[in-house]
Structures are given as C-alpha cells and as structure tokens.
Amino acid sequence: MELLKERIYKDGKVFPGDVLKVDSFLNHQIDAELLGKMGEEIYDLFKDCSVNKILTIEASGIALACFAAREFSCPCVFAKKAKTSNISDSVYTTGVHSYTHGVDYNIVVSKEFLNEGDNVLIVDDFLANGAAMNGLISLCEQAGARVVGCAAAIEKVFQNGGNSLREKGYRVESLAKVLEMDGEAGTIVLE
Ligand code: 5GP
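Going by the numbering used here, the first residue of the sequence shown is number -4, and it counts up by one from there.
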C-alpha cells in the first residue's frame, strides 16, 4: 500500500533489536485517516471470505482492527493479556512470547465472543516471528472457528513469521513489507 510505505519511509525509526517504531501514526499517536484507508485495503483483500469477526491482540492491534471491522460491518474482538492466576474456564487461552518486551504472557478471549462457525480474520499491526498471530490462531482453533486469513499492517519479512504461516497454508496479507532495516544507519528497505 503506497500511502503506508511513504509514511514508513517518512516517519519510521529503526531501533536496536530490529524494532521499527511507527509511534507517530500507528502505535501511539494514531493517524485515523490513514488507518481508515488501511481498513479499506484489508476489506478489499478479504471481502470475498465471508468474514464475520475480526480478532486482534491488545493493545496496538486494536485501532487497525476496528477500522477493518467497520468495513466488514462486523465485531472486532481483542484478546486480552492476562495473569495466569486470573484465568477462568469461561475463556480460551494460550501463551505468547512478546517480541518487543521479550517476555511470555497469556492471552485470553471470552468464550462468549469467539464461536464455532465464525469466519475470523486476524489483524495486527506488526508481523515479526509470528508468535502473536499463532496465539490468535490457537484461540480460534479452541473455539472451533475458521481462520480465513491474517492481515498485518507491517510485515518484517526477514523475521519469517509470515512465511511460516503461509507454509502452514494460511493466507497472510501485509500492507507493507520490510525487507531490511539497519539500526545504525537508520535505513529501511520496503518491498
Ligand atoms: P511476533 O509475535 O510476530 O513476533 O511480533 C508481532 C507483535 O510484536 C505485534 O503484536 C507487535 O505489537 C510487536 N512487534 C513486533 N515487531 C515490532 C516492531 O518492529 N515494531 C513494533 N512497534 N512492534 C512490533
């Protein structure tokens, strides 16, 4: 998506550990007009897939997921991060390793909001090693819901999460793909 690529080149900042910061429009301050267009783009890609639910993970996936859900006229459900001691049997849950914080945590979704027969599109801001997407897929499997695909705003292709999901047979679409980043030189190469 050209508009997103231009914005990444203009405002994206590379941090140590292959972290791309896009806080000025996606992860902290939100450019609602741009995210609205990204939601439209996701709708165009998956409009023939009978999507009836968007699933994401708190916190930074929520904004884009809501814009996408508005296009599909369907609910947006976000998995919550939970303490292990708090987990009841009214939720689906799985463990996820956080790329940006380097810790493991549990994500939960109430059984009320994810059901057998749902056609779920998973949406997130970033796709790196794929832990977040795989965790969300696991929640769908537990619910007996069908994953119609995964959509990421930004995929860091050199981290292989997207390609391993594609190898497993999932349809994965990314609005911008980072091929290379160099923290020292501050350079970003997009596909
Ligand atoms: P994964 O689980 O695919 O390894 O990483 C994806 C998750 O980690 C996303 O939910 C996102 O919040 C976070 N993440 C991964 N890489 C980056 C990055 O380069 N920048 C930012 N801002 N978040 C990232």
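The C-beta atom is built at its ideal place from N, Cα and C for all residues, glycine as well. Keep in mind it's a predicted model, so treat the numbers as computed, not measured.
Residue nearest to residue i in terms of C-alpha spacing, selected from the options
i, options, result
"M176", "A27, F10, L(-1)", "F10"
"S105", "F20, V173, L50, L15", "L50"
"V46", "E(-3), I117, F20", "I117"
"N114", "G164, V143, E168, A147", "V143"
"P70", "E107, L40, V103", "E107"
"E162", "L185, A58, N129", "N129"
"E136", "D84, N110, L15", "N110"
"D84", "H96, V103, T95, K76", "V103"
"L150", "L30, E28, T182, L15", "Reading off the sequence shown, one finds Glu at residue 150, where the question assumed Leu. Of the listed residues, the one whose Cα sits closest to E150 is L15."
"T95", "K48, N22, E(-3), A171", "N22"
"A74", "A127, D18, L59", "A127"
"E35", "V17, A60, D18, K48", "A60"
Alpha-carbon spacing of residue i relative to residue j, whole angstroms
i, j, result
"G157", "R166", "9 Å"
"D120", "A54", "10 Å"
"I25", "K5", "15 Å"
"A93", "V72", "According to the sequence displayed, residue 93 carries Ser and not Ala. Cα to Cα, the separation comes out at about 19 Å."
"K78", "Y100", "7 Å"
"L(-1)", "A140", "31 Å"
"N39", "G112", "The sequence given here has Asp at residue 39, not Asn. Spanning the two alpha carbons is a distance of roughly 22 Å."
"S159", "I132", "13 Å"
"I3", "A64", "23 Å"
"L191", "A138", "No answer is possible for residue 191: it lies beyond the span of the chain, which begins at -4 and ends at 186."
"K76", "M(-4)", "30 Å"
"V86", "C145", "22 Å"
"A58", "A27", "9 Å"
"L215", "I52", "In the structure displayed, the chain extends from -4 to 186; residue 215 sits before or after that span and is not available."
Status (buried if at least 16 other CB within 10 Å, exposed otherwise) for residue i
i, result
"L198", "This structure cannot speak to residue 198, because the chain is shown only from -4 to 186."
"I82", "exposed"
"K42", "exposed"
"V196", "The structure shown does not extend to residue 196, since the chain is modelled only from -4 through 186, so no value can be given for it."
"S169", "buried"
"G90", "exposed"
"T88", "buried"
"V184", "exposed"
"F67", "buried"
"G125", "buried"
"E179", "exposed"
"D12", "Going by the sequence as given, residue 12 is Gly instead of Asp. With fewer than 16 Cβ atoms within 10 Å of its Cβ, G12 is classed as exposed."
"F62", "buried"
"A148", "buried"
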